[in-house]
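In the numbering used here, the protein residues as written are 180 to 901.
For reference, the structure discussed in these notes is given below.
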């Protein structure tokens, strides 16, 4: 500590490079816990960290005047010269970052560096494509000038900003600066703090549980590989029936049979997923690709578990329940939990990633590329869908016995764990044979589809595409409204009763949603963590586009220039609408492409697409009701999924309308096409593939059309009639 204080005093009294070297020499042997102090000076970068911990400093990282000889363990003291410059004040104690702040800064800097590498790769491919499409008539330097750089150069510099030389990679002053600071070039990333003992033990426990589950899945997978393909489903189904039989005979106090639980398996779990899994299995069988063998066996195994659970249920419901007869319990076994339906629930959750991610997983296996299947529904729709799905599951679990409150939540968490484990298993399945060379070749194959000068189809106009999208939007909206009334009629067992309930529900929804419609723009800005921007090139661009679109000037917001790129519009009323961008969108797009993206968002405002979203939510509220009959129980699972299909179809039609509207506002469909292509290339770079490779259910649940379809539609607007 004494040497550290001496170093600070020496640096304050005698600023300059030699004094700094002397301070480093004095402080270097001092043992410390990693403390550091900000010490800006004329010879060092602003905000450089002066180490007081004795961390080793590499000589090449320093300036030429601080060569290795000046850092020898016992150098000759250099003469101290009087400082002509003004002494640099030390930052106040409150500004010294703690260990957590340093760790967060290092993580943010690492994330920003990874983002920049991804941006550079996408820009390289995008520039190459544009040069090919234009025959080399466009300058490469112009394509490299992104909106962040162009707006930064166009923005007037303040006197304070003019006094400090701007870094080459500094964020645009028109947008909020990114919080991620670059790692100190001298000291490297700050040391990460040691985790607490409790957190370390918890992490160790989670890793041990994950390893145990991985071993269980791996052992089951290795066993299934030894069986002939047609026997996998039969073997897992027989194992499910046998496990249920053995559990009820050996542990009758725990395991029994509940007919109501069995109804949920037949009407809900199996009724929804067994047909979908069978259809997925048929598609895989038609392709007959040997690379799909692991996925096919996994799907067969899950199908067998579901079929076994349904078989146990069918036997129990028809009175042929052998274990119940042996135990002398006709209606219900002596236990608390029905094992076979519970296994069916776990198989249901594990099979969901197979159904919606089969196309992507098959593509990854075929092309030897690691793929992480993800649920395609965006977060706001997931938050609406998941409660609708979990509510019937909780009802299913509440019928398992007298201690349902103690069992329901742990079993539900176990079902969610089965879903996550299945996603992890599919990811590892594609990663096992992944090859970087094969992935690069697959990417080159994909890029051949994205050339705008080879777009198939007849030329079209923005006006024609807007009319087509309006027809699609009306069709999906009518299907949502009529389908919701049909479900409500089945739940109420009467059409007049359903109409009366619908009127009361819609009136209540209107009263509840009126404030949400008015304040949705501000709520979206708060939720997405963006800040108001009142002036600058970004705002002027939005003002010009709003004038062209003939809509009131929206409030303009922006987020940090790091994180996932995104642009959105919100607000059910045009006068209170919001347009925002966040993430590294401006670091990826040129000004021309940003105009296309912002015009797309303004088209959502112009055509009042937020109101259609609120109308679809009102339809969702019609689907709640009691379940008494088998059909009503089935609707508990089917209705939310069918609503999601209709709502996603409506949003896809709105996105097509917004694309065409942006082309009409800017008169430059190519700009939006190249911008959307960059988004798609980011997906390829991030172990994802175009949506077109997904399964049929995956494509039904997409909120946005396939990027390739959108780019080609805009490309047809660029084509000139023959």
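Think of the CB as a built atom: it goes at the ideal place given N, C-alpha and C, for glycine as much as any other residue.
Note that this is a predicted model, so its numbers are computed, not measured.
Boundaries of the beta strand (DSSP E) around residue 734: 734-737. The DSSP-derived three-state label of residue 516 is strand.
DSSP places residue 693 outside any beta strand (DSSP E); the residue lies instead in the alpha helix (DSSP H), whose first and last residues are 674-706. Per the Cβ contact rule, the stretch 745-762 is in contact with the stretch 777-784 (3 or more Cβ pairs under 8 Å). Counting only residues of its own chain and dropping the five nearest sequence neighbours on each side, residue 416 has a CB closer than 6 Å to the CB of 483, 486 and 487. Looking from the CA of residue 547, the closest CA among 587, 610 and 422 belongs to 610. Per the DSSP secondary-structure output, residue 304 pairs with nothing in a beta bridge. For residue 725, the enclosing alpha helix (DSSP H) begins and ends at 716-728. In this structure, the alpha-carbon of residue 882 lies about 11 Å from that of residue 558.
Residue 897 carries a helical assignment under DSSP once its states are collapsed to helix, strand and coil. In this structure, the CA atom of residue 702 is about 31 Å from the CA atom of residue 333. Between residue 844 and residue 766, the C-beta spacing is not below 8 Å. Residue 841 and residue 307 have their C-alpha atoms spaced approximately 25 Å apart.
Residue environment for residue 527: buried (at least 16 other C-beta atoms within 10 angstroms of its C-beta).
Judged by their CB atoms, residue 895 and residue 475 are not nearer to each other than the 8 Å cut-off. Inter-segment contact for the stretch 740-756 and the stretch 714-721 is absent: fewer than three beta-carbon pairs are separated by less than 8 Å.
Secondary structure of residue 489 (DSSP, three-state): helix.
Collapsing the DSSP output to three states places residue 592 in a helix. Between residue 534 and residue 456, the C-beta gap is smaller than 8 Å, which places the two residues in contact.
The closest CA to that of residue 603, considering only 643, 653 and 551, is found on 551.
Judged by pairs of C-beta atoms under 8 Å, the stretch 535-543 does not touch the stretch 795-804, as fewer than three such pairs exist.
Taking the C-beta atoms as reference points, residue 312 is found no nearer than 8 Å to residue 771. Using a Cβ distance threshold of 8 Å, residue 411 and residue 480 count as a contacting pair. Taken through DSSP and simplified to helix, strand or coil, residue 711 comes out as strand. Excluding residues up to 5 positions away in sequence, 696, 699, 789 and 790 lie with their Cβ nearer than 6 Å to the Cβ of residue 751 in the same chain. The shortest CA-to-CA distance from residue 891 to any of 877, 852 and 874 is the one to 852. By the Cβ-count criterion, residue 686 is exposed, with fewer than 16 other Cβ atoms from all chains shown falling within 10 Å of its own Cβ. Residue 887 sits close to residue 628, with the two beta carbons spaced by under 8 Å.
By the neighbour-count criterion, in which 16 or more other beta carbons inside 10 Å mark a residue as buried, residue 858 falls on the buried side. Using a Cβ distance threshold of 8 Å, residue 519 and residue 601 do not count as a contacting pair. The continuous stretches of beta strand (DSSP E) do not include residue 752, and DSSP gives it neither H nor E.
Just measuring C-alpha positions, the residue of 817, 846 and 884 sitting nearest residue 572 is 817.
Bridge pairing for residue 758: 735 and 748 [DSSP]. The criterion of a C-beta distance shorter than 8 Å is satisfied by residue 880 and residue 823.
Boundaries of the alpha helix (DSSP H) harbouring residue 764: 764-767, taken from the DSSP string.
Your pair residue 773 and residue 326 checks out as a contact, with CB atoms roughly 4 Å apart and the cut at 8 Å.
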